[in-house]
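Structure record follows, encoded as structure tokens.
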Amino acid sequence: MDEKRNYDGQELPLLDAMKEHIEQLPVPPQIDEVIRNGMQLGRQRRRHRVLTRMTSCIASLLILVLVASVRFSPAVAAYVGDIPGLRSFVQLIHFDKGLQLALENDYMQHVGLSDEHDGIKLTVDGVLADESRIIVFYTLDNMDGRKRVMNVQNVKLVNNQHTSISHGASDFGEDWVSKQGTIEFNLLDGAGIPDTLDLELKVGKDYETVANGPIWKFAIPVDKVKFEGLKETYDINQTVTVEGQRITIGTLTVYPTRIGLEVVYDSANTKKLFHFDDIRIEDEQGETFGTINNGVTASNISENRLVLYFQSNYFRKPDRLYLRANSIRALDKNKLEVQLDLNRKELLSRPDERLTLDDIGISAENGQSILVFHLKNDDPLDKDRQYSLFDSKYKDASGQSFESNMTGSTFDSFQYYIKKTNYQSPLTLTISDYPSRIYGDINLRIK
Amino acid sequence: MDNELLALAAKRGDDAAFYSLIMQHREKMYRIAYTYLKNETDALEAVQEATCRAYMQIRKLKEPSYFGSWLIRILMNYCADEVKRRARRNGGRDAAATNVESHTASGESALLEKVLLESAVEQLDANYQKVIQLKYYHDLTITEIARTLEKPEGTIKTWLHKALGGLRQRLEKESEHHG
Numbered sequence: 001m002d003e004k005r006n007y008d009g010q011e012l013p014l015l016d017a018m019k020e021h022i023e024q025l026p027v028p029p030q031i032d033e034v035i036r037n038g039m040q041l042g043r044q045r046r047r048h049r050v051l052t053r054m055t056s057c058i059a060s061l062l063i064l065v066l067v068a069s070v071r072f073s074p075a076v077a078a079y080v081g082d083i084p085g086l087r088s089f090v091q092l093i094h095f096d097k098g099l100q101l102a103l104e105n106d107y108m109q110h111v112g113l114s115d116e117h118d119g120i121k122l123t124v125d126g127v128l129a130d131e132s133r134i135i136v137f138y139t140l141d142n143m144d145g146r147k148r149v150m151n152v153q154n155v156k157l158v159n160n161q162h163t164s165i166s167h168g169a170s171d172f173g174e175d176w177v178s179k180q181g182t183i184e185f186n187l188l189d190g191a192g193i194p195d196t197l198d199l200e201l202k203v204g205k206d207y208e209t210v211a212n213g214p215i216w217k218f219a220i221p222v223d224k225v226k227f228e229g230l231k232e233t234y235d236i237n238q239t240v241t242v243e244g245q246r247i248t249i250g251t252l253t254v255y256p257t258r259i260g261l262e263v264v265y266d267s268a269n270t271k272k273l274f275h276f277d278d279i280r281i282e283d284e285q286g287e288t289f290g291t292i293n294n295g296v297t298a299s300n301i302s303e304n305r306l307v308l309y310f311q312s313n314y315f316r317k318p319d320r321l322y323l324r325a326n327s328i329r330a331l332d333k334n335k336l337e338v339q340l341d342l343n344r345k346e347l348l349s350r351p352d353e354r355l356t357l358d359d360i361g362i363s364a365e366n367g368q369s370i371l372v373f374h375l376k377n378d379d380p381l382d383k384d385r386q387y388s389l390f391d392s393k394y395k396d397a398s399g400q401s402f403e404s405n406m407t408g409s410t411f412d413s414f415q416y417y418i419k420k421t422n423y424q425s426p427l428t429l430t431i432s433d434y435p436s437r438i439y440g441d442i443n444l445r446i447k
Numbered sequence: 001m002d003n004e005l006l007a008l009a010a011k012r013g014d015d016a017a018f019y020s021l022i023m024q025h026r027e028k029m030y031r032i033a034y035t036y037l038k039n040e041t042d043a044l045e046a047v048q049e050a051t052c053r054a055y056m057q058i059r060k061l062k063e064p065s066y067f068g069s070w071l072i073r074i075l076m077n078y079c080a081d082e083v084k085r086r087a088r089r090n091g092g093r094d095a096a097a098t099n100v101e102s103h104t105a106s107g108e109s110a111l112l113e114k115v116l117l118e119s120a121v122e123q124l125d126a127n128y129q130k131v132i133q134l135k136y137y138h139d140l141t142i143t144e145i146a147r148t149l150e151k152p153e154g155t156i157k158t159w160l161h162k163a164l165g166g167l168r169q170r171l172e173k174e175s176e177h178h179g
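So the sequences go chain by chain: A and B. Residues 1 to 447 in the working numbering are what the first sequence lists, from first letter to last. Residues 1 to 179 in the working numbering are what the second sequence lists, from first letter to last.
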């Protein structure tokens with residue numbers, strides 16, 4: 001039948017020749033690497049799947065990056081839009097009212113230094129600085145339109161080592177022309193701000209590709225006079241009790257770019273307190289400023305003591321200030337340990353039945369095992385929250401300690417990477433955040 | 001492990017399973033990308049991008065046994081967009097059609113025939129092109145093509161029939177010119 005023969009392509013021998021030609025097409029050996037890169041990229045790009053890399057070098061800092069849902073107010077956007085060169089930064093700080101106010105009040109120090117290598121120009125446009133942190137605003141320009149994904153890597157402050165640095169990786173379209181971002185420097189205890197920031201960084205797709213690449217260098221002047229003496233300190237020193245758990249609120253320090261609040265949990269508490277859901281600072285008008293939810297959210301000073309950071313209302317010059325909170329994520333201290341039988345792939349102990357073990361997989365990239373957990377959680381308070389469930393340290397039955405260097409989370413699933421070795425089952429992991437809560441009304445007058 | 005189980009594991013977040021599935025399809029992916037993009041660098045880039053997208057979307061894979069078709073669909077969508085973007089950049093000129101790869105071992109006339117065929121295929125409607133390429137260049141069955149393009153098998157058969165007809169016509173015309 002004619003029809004059938006058509007499908008065989010017999011009437012078109014050329015097609016067979018073509019097939020042969022294509023089958024003989026050599027597949028370049030880089031294909032394996034390209035596939036690994038593709039997976040790596042996929043991991044980086046998963047938007048709502050926040051990947052937290054636990055770094056031991058900045059163990060004292062808790063860095064949480066959450067998806068920001070706060071919109072930039074039209075009034076501020078209109079105002080900032082009037083200042084040339086600042087319009088483009090509006091998007092970058094739309095999640096932080098305090099930084100928006102700082103921009104509005106002309107607090108940004110303009111810099112305008114550029115360095116260019118390999119067709120990628122990086123311009124440091126300005127800095128927002130005070131005694132607690134420095135935020136560098138930069139623009140990347142794709143001069144010849146060739147490069148694809150380009151992120152800032154290997155950021156170093158050459159003349160001040162006592163600084164922790166955080167900068168996000170961003171999403172790039174395939175044809176990008178210009179891209180803006182921020183790099184944040186947190187000044188650790190007593191580290192003074194130098195008059196000039198000697199900044200070095202690399203730009204490239206990932207950590208490996210930039211290894212032998214060029215270094216972009218900047219000497220950024222910082223006008224310290226601009227923020228000298230602006231800091232305001234309030235000693236609150238009050239203890240509140242929520243469902244029997246005692247919390248002492250210490251000193252509140254207001255800087256132009258953020259507010260730090262010292263919080264101490266009583267070591268005799270029966271529950272471990274993880275995070276405040278809704279702690280906020282309110283002024284006499286009822287305007288609230290929440291915690292910082294994009295960047296460095298808190299500094300852990302010791303097990304029960306931390307400094308929690310809020311978006312700053314410094315430029316509002318409020319007459320009165322109140323500290324309010326209604327719920328805290330917390331868990332009984334005797335339920336913090338999760339024991340996991342590696343052979344039978346099951347949990348021997350867990351906080352409650354909402355946490356289950358889905359699977360134990362193996363990472364293609366580095367051969368590490370992946371513990372895949374499932375968390376059933378319908379709490380509306382957690383609608384947009386990605387839980388970072390476990391501490392990076394874990395141990396096996398022999399008591400030996402290990403450290404996980406990667407975790408990932410996807411909606412209700414949570415991956416915990418453990419290195420490949422002979423463990424004595426069961427493993428013990430420690431819960432560092434969990435959707436169980438205590439409720440109460442904290443309402444303190446600060447000013 | 002059987003591929004359906006691998007795909008299920010990949011869906012649950014097992015990277016090793018995902019990797020081994022992709023590795024099974026790597027040559028097919030590369031060759032399909034090459035058919036569209038006509039050079040090694042862009043074909044590799046396409047494989048990388050398709051892997052990345054598949055990795056990001058693996059949880060949305062509805063039918064684990066169709067992983068291959070699903071993956072090829074992601075790749076083809078990327079390649080089709082890439083070709084369009086290039087055409088736009090070149091002001092409508094189709095740069096790819098004139099770009100004959102150099103490392104072919106065939107002689108002059110085989111090369112000419114190949115170019116003729118390629119250009120004839122490229123003149124077909126997009127859907128006809130796809131079925132011809134998948135069926136004859138990459139050896140997919142009608143069922144596999146139907147899954148990849150998310151169309152009923154009957155439609156694929158019709159397209160294939162019409163595509164072959166159109167192709168034959170064009171080639172006859174071409175060979176008259178080149179006599």
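Glycine residues also receive a C-beta, built at the ideal position from the N, C-alpha and C atoms.
Under 7 angstroms from the C-beta of leucine 25 (chain A): neighbouring residues of chain B:
Arg31 and Tyr34
Who does asparagine 142 (chain A) pair with in a DSSP beta bridge?
A:Ile120
Hey, quick one: how far does the beta strand (DSSP E) through tryptophan 70 (chain B) stretch, first residue to last?
Annotation for tryptophan 70 (chain B): no beta strand (DSSP E) segment contains it, though the alpha helix (DSSP H) segment containing it runs 67-89.
CA-to-CA distance, asparagine 142 (chain A) to isoleucine 156 (chain B), given in whole angstroms:
43 angstroms
Whole-angstrom C-beta distance between valine 136 (chain A) and isoleucine 183 (chain A), which should lie under 8 angstroms
4 angstroms
What does glycine 119 (chain A) reach in chain B if we use C-beta pairs closer than 9 angstroms?
By Cβ distance, chain B contributes nothing, its closest Cβ being about 17 angstroms from glycine 119 (chain A), past 9 angstroms.
Helix, strand or coil for asparagine 37 (chain A)? Go by DSSP, reduced to three states.
DSSP places asparagine 37 (chain A) in helix when its eight states are reduced to three.
Expected contact under 8 angstroms - CB spacing of asparagine 326 (chain A) and aspartate 441 (chain A) to nearest Å
Contact holds; Cβ gap of about 6 angstroms.
In three-state DSSP terms, what is isoleucine 249 (chain A)?
Residue state for isoleucine 249 (chain A) is assigned as strand, using DSSP reduced to three classes.
Following the continuous beta strand (DSSP E) through asparagine 151 (chain A), name the residue where it begins and the one where it ends.
151-157
To the nearest angstrom, how far is the alpha carbon of glycine 68 (chain B) from that of methionine 39 (chain A)?
16 angstroms
Length of the line joining the Cα atoms of glutamate 33 (chain A) and leucine 357 (chain A):
31 angstroms
Residues sharing a beta bridge with tryptophan 216 (chain A), DSSP
A:Leu201
What's the gap between the Cα of histidine 161 (chain B) and the Cα of isoleucine 145 (chain B)?
14 angstroms
Any beta-carbon of chain B closer than 7 angstroms to the one on phenylalanine 137 (chain A)?
no
Considering only their Cβ atoms, is the gap separating serine 404 (chain A) from aspartate 433 (chain A) smaller than 7 angstroms?
no
Considering only residues of the same chain and omitting the five flanking positions on each side of alanine 80 (chain B), which have a CB-CB separation below 8 angstroms?
Tyr36 and Ala126
Within the same chain, show all residues whose beta-carbon is closer than 7 angstroms to that of threonine 421 (chain A), passing over the 5 residues directly before and after it, in chain order.
none
Minimum Cβ-Cβ distance from aspartate 15 (chain B) to chain A less than 7 angstroms:
yes
Residue interval of the beta strand (DSSP E) (run including isoleucine 132 (chain B))
For isoleucine 132 (chain B), there is no enclosing beta strand (DSSP E); the enclosing alpha helix (DSSP H) covers residues 126-132.
Is glutamine 48 (chain B) helix, strand or coil when you go by DSSP?
Helix.
Own chain residues within Cβ distance below 7 angstroms of glutamine 285 (chain A), not counting five before or after:
none
Please say whether glutamine 153 (chain A) and leucine 92 (chain A) have beta carbons closer to each other than 7 angstroms?
Taking 7 angstroms as the Cβ cut-off, leucine 92 (chain A) and glutamine 153 (chain A) do not qualify as a contacting pair.
So, does the CB of tyrosine 78 (chain B) fall closer than 7 angstroms to a CB anywhere in chain A?
no
Any 3 or more C-beta pairs closer than 8 angstroms across the region 361-370 of chain A and the region 13-28 of chain B:
yes
DSSP-derived helix/strand/coil call for serine 182 (chain B):
Here chain B covers residues 1 to 179 and nothing more, so residue 182 (chain B) does not appear.
So what does phenylalanine 276 (chain A) bridge to, in DSSP terms?
A:Ile328
Apply the 10 Å Cβ neighbour rule to threonine 251 (chain A) and answer buried if 16 or more other Cβ atoms are within range, or exposed otherwise.
exposed
For a contact defined as C-beta to C-beta under 7 angstroms, what are the partners of isoleucine 22 (chain B) on chain A?
Ile35
List the endpoints of the continuous alpha helix (DSSP H) containing histidine 21 (chain A).
13-23
Rounded straight-line distance, which links the Cα of isoleucine 134 (chain A) to that of lysine 447 (chain A):
27 angstroms
Pick from A:Gly145, A:Ile215 and A:Trp176 that is closest to leucine 157 (chain A), judged by C-alpha positions:
A:Ile215
Does glycine 361 (chain A) get closer than 7 angstroms to chain B when you measure Cβ to Cβ?
Taking a beta-carbon distance threshold of 7 angstroms, glycine 361 (chain A) counts as an interface residue toward chain B.
Among A:Met18, A:Val111 and A:His275, which has the Cα closest to the Cα of valine 121 (chain B)?
A:Met18
Could you run through the region 132-147 of chain B and flag, in chain order, every residue whose CB is less than 8 angstroms away from some CB of chain A?
Ile132, Lys135, Tyr136, Tyr137, His138, Asp139 and Ile142
Give the interface partners of threonine 51 (chain B) over in chain A, defined as CB-CB distance under 9 angstroms, in chain order.
Val34, Ile35, Arg36, Asn37, Gly38, Met39, Leu41 and Gly42
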